[in-house]
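Asks: One structure is given below, represented as structure tokens, and several questions about it will come after.
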DNA sequence: TTGACTTATATGTCTAGACATATAATCGTA
DNA sequence: TACGATTATATGTCTAGACATATAAGTCAA
């Protein structure tokens, strides 16, 4: 069974090489620390040029599956459990994906000069005006999450006149701000009176909290806190293999 | 100001090209949907070969910053808030990173034939034996998290004889199982009697729950539930730019 | 207007070389 | 033995081409 001459060679060669190496790593045949064959060895094995092999290995290195060291070779890396891809879907998408009807309701919307608390929450020294929004998302008319958001108007002036009574601020921002970076912090609290009422749960019930802080090239855009009933909501993060 | 002839050309050319394009996208100069220059245009702009430009753009495509379409060109992608990198550190690393002393304590360890509940938790149809471990991690002698773990002995036979009284099962597995995939589920609960006692918190206090299910090439290895005091622990997930 | 066919073109992959550079290994010397 | 200089080598980057292929766009007929 020659490696280079396979009947069904639909995938391109460099992808085949990448998949071959990846498979050996994932099955444990090549354990962490193992030195995988040198590029020139793979070149003779697959009968191709070095650039082709190089492309395959470079992608594996980018995916942190192997580590490449000059003069020494390429080595299988130790698995890193500490990094996982967390998928945080848009609220409407998340709810409709569950096959449930999406509902949105604006609770309050205030335009004000930034208070000290606002500035701290947005991580800015001095801000002009902000919009503070409180709203609720529901699934089949059952409260799904409450959202408490602050938008920095010096970064997003259009938000001052946007109509958030029909469109959630999250999706409005998604369509009005070109590209962002974000940091999410996840924690747990128990529901206080106000939260319990908004989510229609008991006071003292567990809630999952997501604080998302969003910016674009060092400019703060928005800070949002999402509160979910903790026993009904789950976040799923999957490591490796997307 | 010529682009190609820069005084401090420490980074390689393809990295410069990649950084240049990335910067224009991140600053919003090239908004989502914008068609970035064709490869041959960048070739003339930077005075290099197409392979060099291709490598830069391919990496941006791999990072989901741009989308490449044959015959049409390359386009800036819409930001995808729903995907973020969640860092879940090894317990010891996490605690020592906080500058606190790490402590570990085995609460119980049982070897048994898999019950129906065990099989469901591990997601297997029929399993032979399992090890059930309960332990506690502490920071400066203050309870930090409790761990409740199940290991499938048909996948990891060595775990039957491993000494978990000194080494946490997490790090033992990390060193005895070559490579794994994992799925994390995050939720919130309130502490029941047993949990409250183990974590030295009040009954009814919020707890953050991480359920991690680990496998290797379709073989289940372990399922673990970690319980953290919800008001003191935070998970941070950062989108883009890791 | 619609559908089928053709053409132009941007990306996808690959080659057979090249030189640069970091560093593991070796060798020589104090 | 320990340290410093030298050498060998695997990876890193790059070139100037090539052909493959998907598809946007244009062409023409029903």
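Residue numbers (our numbering), protein chains in the order written: chain X, -16 to 225; chain Y, -16 to 225.
For each residue, glycine too, the CB sits at the ideal point set by N, CA and C.
Bear in mind that the values here come from a model prediction, so they are computed numbers and not experimental data.
#1: Note down, in chain order, every chain X residue with its Cβ under 9 Å from the Cβ of residue 118 of chain Y.
#2: Report the neighbours of residue 14 of chain X on chain Y: residues whose CB is nearer than 7 Å to its CB, in chain order.
#3: Looking only at DSSP bridge pairs, what is residue 56 of chain Y linked to?
#4: Only counting runs of 4 or more residues, tell me where the alpha helix (DSSP H) segments fall wholly within the region 18 to 51 of chain X, in order along the chain.
#5: What is the residue span of the beta strand (DSSP E) that residue 125 of chain Y lies within?
#6: Please determine, among Y:132, Y:178, Y:161, Y:61, the residue with the shortest C-alpha to C-alpha distance to residue 147 of chain Y.
#7: Figure out for me which residue from Y:49, Y:87, Y:105, Y:134 has the closest Cα to the Cα of residue 16 of chain Y.
#8: Do residue 66 of chain Y and residue 216 of chain X have their C-beta atoms closer together than 8 Å?
#9: Could you say which of X:86, X:18, X:69 lies nearest to residue 54 of chain X if we only look at CA atoms?
#10: Does chain X have any CB closer than 8 Å to the CB of residue 168 of chain Y?
#11: Tell me where the beta strand (DSSP E) around residue 4 of chain X begins and ends.
#12: Starting from residue 79 of chain X, trace the alpha helix (DSSP H) in both directions and tell me its first and last residue.
#13: Which chain X residues sit within Cβ distance under 8 Å of residue 217 of chain Y?
#14: Roughly how many whole angstroms lie between the Cα atoms of residue 221 of chain X and residue 42 of chain Y?
#15: Using the beta-carbon of each residue, which ones in chain X are nearer than 8 Å to residue 207 of chain Y?
#16: Along the region -3 to 12 of chain X, what residues have a CB closer than 7 Å to any CB found in chain Y?
#17: What residues from chain X crowd round residue 187 of chain Y, counting only those whose CB sits closer than 8 Å?
#18: Should residue 144 of chain X go down as buried or exposed, given a rule of 16 or more other Cβ atoms within 10 Å for buried?
#19: Using the three-state DSSP reduction, which class does residue 153 of chain X fall into: helix, strand or coil?
#20: Three-state secondary structure (DSSP) at residue 220 of chain Y?
#21: Express the C-alpha separation of residue 7 of chain Y and residue -2 of chain Y in angstroms, rounding to a whole number.
#22: Closer than 7 Å by beta-carbon distance: list the chain X residues that pair up with residue 40 of chain Y, in chain order.
#23: Taking residue 194 of chain Y as part of the alpha helix (DSSP H), name the residues at either end of that continuous run.
#24: For chain Y, check one thing: does any of its Cβ atoms lie closer than 8 Å to the Cβ of residue 146 of chain X?
#25: Cβ closer than 7 Å: which chain X residues qualify as neighbours of residue 213 of chain Y?
#26: Could you tell me which whole alpha helix (DSSP H) segments of length 4 or greater appear in the region 80 to 110 of chain Y?
#27: From what residue to what residue does the beta strand (DSSP E) around residue 178 of chain X run?
#28: Which of the three DSSP states, helix, strand or coil, is assigned to residue 171 of chain Y?
#29: Note down, in chain order, every chain X residue with its Cβ under 7 Å from the Cβ of residue 31 of chain Y.
#30: Going by the CB atoms, is the gap between residue 113 of chain X and residue 141 of chain X shorter than 8 Å?
#31: Give the residues of chain X in contact with residue 200 of chain Y, contact being defined as C-beta atoms less than 7 Å apart.
#32: What residue does the beta strand (DSSP E) around residue 114 of chain X start on, and which one ends it?
#33: Would you call the CB atoms of residue 218 of chain X and residue 190 of chain X closer than 8 Å?
#34: Going by DSSP in three states, residue 145 of chain X sits in which element: helix, strand or coil?
#35: Taking C-beta pairs closer than 9 Å, name the residues in chain Y that residue 210 of chain X reaches, listed in chain order.
#36: Does the distance from the CB of residue 181 of chain Y to the CB of residue 126 of chain Y come in under 8 Å?
Replies: Looking at the coordinates:
#1: None at all; the shortest Cβ gap to chain X is about 17 Å.
#2: 161
#3: Y:52
#4: 22 to 29, 33 to 45
#5: 125 to 135
#6: Y:132
#7: Y:49
#8: no
#9: X:18
#10: yes
#11: Premise fails: residue 4 of chain X lies in the alpha helix (DSSP H), -4 to 9, not in any beta strand (DSSP E).
#12: 74 to 80
#13: 168, 169, 170
#14: 22 Å
#15: In chain order: nothing, as chain X lies at least about 10 Å away.
#16: 8, 9, 10, 11
#17: 173, 187
#18: exposed
#19: helix
#20: strand
#21: 14 Å
#22: In chain order: nothing, as chain X lies at least about 14 Å away.
#23: Note, residue 194 of chain Y: premise wrong, no alpha helix (DSSP H); beta strand (DSSP E) at 189 to 199.
#24: no
#25: 170, 171, 172
#26: 99 to 105
#27: Unbroken run through residue 178 of chain X is the alpha helix (DSSP H), 176 to 182; no beta strand (DSSP E).
#28: strand
#29: Correct list: empty, because the minimum Cβ distance to chain X is about 16 Å.
#30: no
#31: 9, 10
#32: 112 to 122
#33: no
#34: coil
#35: Those do not exist, as residue 210 of chain X stays about 10 Å from chain Y at its closest Cβ, beyond 9 Å.
#36: yes
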